[in-house]
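Residue numbers (full-length UniProt numbering): 1 to 211.
Have a look at the structure below, then the notes.
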Amino acid sequence: MTNCYSKEVAEDLLAIGAVKFSPTDPFTWASGIMSPIYTDNRMTIGYPQIRSNIADGLVDLITKNFADVDIIAGVATAGIPHAALIADRLQKPMIYVRAKAKDHGAGQQIEGAEVQDKKVILIDDLISTGGSVLKAAKAVQAAGGQVLGVVVIFSYELPVGEQNFASAHLTFKSLTTYSQLIQAALTHGDLDASQIATLRQWRQDPVAWRA
């Protein structure tokens with residue numbers, strides 16, 4: 001899953017400190033998975049050139065793979081700013097999808113354009129297990145929209161994520177990947193061989209992995 005933006009985006013994420021490696025003192029994700037790596041793509045919106053390059057890359061993925069899209073959807077919260085940039089570049093309607101419906105006001109989970117009978121692409125910052133973005137996809141489908149697929153900045157390439165997307169009968173495209181990120185870190189001397197081995201081992205079975 002490579003593209004002309006893959007290497008540059010991986011290097012940009014490393015350059016701004018959006019990626020943190022800690023093989024011996026791992027991070028704990030919201031899902032409970034322990035990980036030797038943490039990626040915070042929210043940082044990219046603070047760098048105009050980097051966020052613009054990411055938007056160009058996401059637009060490229062969409063036009064090449066989902067050219068008949070009607071609506072650009074941002075997954076709350078990290079996908080919203082990138083979706084806004086993409087919708088503007090493509091001159092498409094936009095929505096954003098909350099994790100759950102509001103418990104006040106109109107009680108909406110989806111805000112923006114009407115999705116009934118429309119072809120929708122979901123935008124998020126990254127995919128690990130795919131849980132949050134697939135919930136957003138179900139919300140769009142429940143509202144009558146057709147989800148063409150998901151486009152993200154970064155994928156951890158976890159087997160469980162790929163399995164979850166296969167079960168949902170959805171596809172995703174990412175600008176850059178875990179493999180590309182590790183290669184960039186190795187090239188720049190950010191990690192030694194033993195750390196690289198740990199990171200590659202973790203990706204094969206993150207649930208069973210221990211530091």
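Think of the CB as a built atom: it goes at the ideal place given N, C-alpha and C, for glycine as much as any other residue.
Note that the structure is predicted; figures quoted are calculated from it, not measured.
**Request:** Could you check what DSSP says for Y178 in three-state terms: helix, strand or coil?
**Result:** Numbered from its first residue, the sequence shown carries residue 178 at position 178. DSSP places Y178 in helix when its eight states are reduced to three.
**Item:** Simplified DSSP assignment, three categories, for A15
**Value:** One-based indexing of the sequence shown puts residue 15 at position 15. Judged by DSSP in its simplified three-state form, A15 adopts helix.
**Under the three-state DSSP convention, the category D125 falls into** = In the sequence shown, residue 125 corresponds to position 125, counting from 1. Reduced to three states, the DSSP call for D125 is strand.
**Message:** Can you find the residues in the same chain that come closer than 6 Å, C-beta to C-beta, to T176, ignoring five residues on each side of it along the sequence?
**Reply:** Against the sequence shown, residue 176 aligns to sequence position 176. Closer than 6 Å at Cβ, skipping near neighbours: S6, V9, A10 and F154.
**Prompt:** So is G130 buried or exposed if we call it buried at 16+ other beta carbons inside 10 Å?
**Reply:** Indexing the sequence shown from 1 puts residue 130 at position 130. G130 comes out buried.
**Request:** Please check the pair A87 and P93, which I expect to be a contact at CB under 8 Å, by giving their CB distance rounded to whole angstroms.
**Result:** Here residue 87 corresponds to residue number 87 of the sequence shown, with the count starting at 1. Here residue 93 corresponds to residue number 93 of the sequence shown, with the count starting at 1. Contact flag correct, Cβ pair sits at about 7 Å.
**Asked** Got a sec? Which residues, its chain only, sit under 8 Å from K102 by beta carbon, not counting five neighbours each side?
**Response** Translated into positions along the sequence shown, residue 102 becomes position 102. Excluding residues within five positions, the ones whose Cβ falls inside 8 Å are Q108 and Q109.
**Request:** Would you give the residue range spanned by the beta strand (DSSP E) that Q146 belongs to?
**Result:** If you number the sequence shown from 1, residue 146 lands on position 146. Boundaries of the beta strand (DSSP E) harbouring Q146: Q146 to S155, taken from the DSSP string.
**Distance CB(F21)-CB(A197) smaller than 9 Å** = Stepping through the sequence shown from its first residue, residue 21 is reached at position 21. Stepping through the sequence shown from its first residue, residue 197 is reached at position 197. No, the Cβ-Cβ distance between F21 and A197 is not below 9 Å.
**Request:** Measure from the alpha carbon of L14 to the alpha carbon of each residue in V207, R210, T63 and T187, then state which is nearest.
**Result:** To locate residue 14, count along the sequence shown from 1; it is residue 14. The option with the nearest alpha carbon to L14 is T187.
**Message:** Closer than 8 Å is the cut-off here; do at least three beta carbon pairs connect the region 47 to 66 with the region 25 to 39?
**Reply:** Per the Cβ contact rule, the region 47 to 66 is not in contact with the region 25 to 39 (fewer than 3 Cβ pairs under 8 Å).
**Same chain, Cβ closer than 6 Å to D12, neighbours up to 5 away in sequence not counted** = Your numbering for residue 12 matches position 12 in the sequence shown. So the list reads I50, once near-sequence residues are dropped.
**Request:** Output the distance between the C-alpha atoms of F66 and T28, rounded to the nearest integer angstrom.
**Result:** Position 66 of the sequence shown, counted from the start, is the residue given in the question as residue 66. Position 28 of the sequence shown, counted from the start, is the residue given in the question as residue 28. Roughly 34 Å between the two C-alpha positions.
**Request:** Please classify G17: is it buried, with 16 or more other beta-carbons within 10 angstroms of its beta-carbon, or exposed?
**Result:** Position 17 of the sequence shown, counted from the first residue, corresponds to residue 17. Answer is exposed; the Cβ neighbour count stays below 16.
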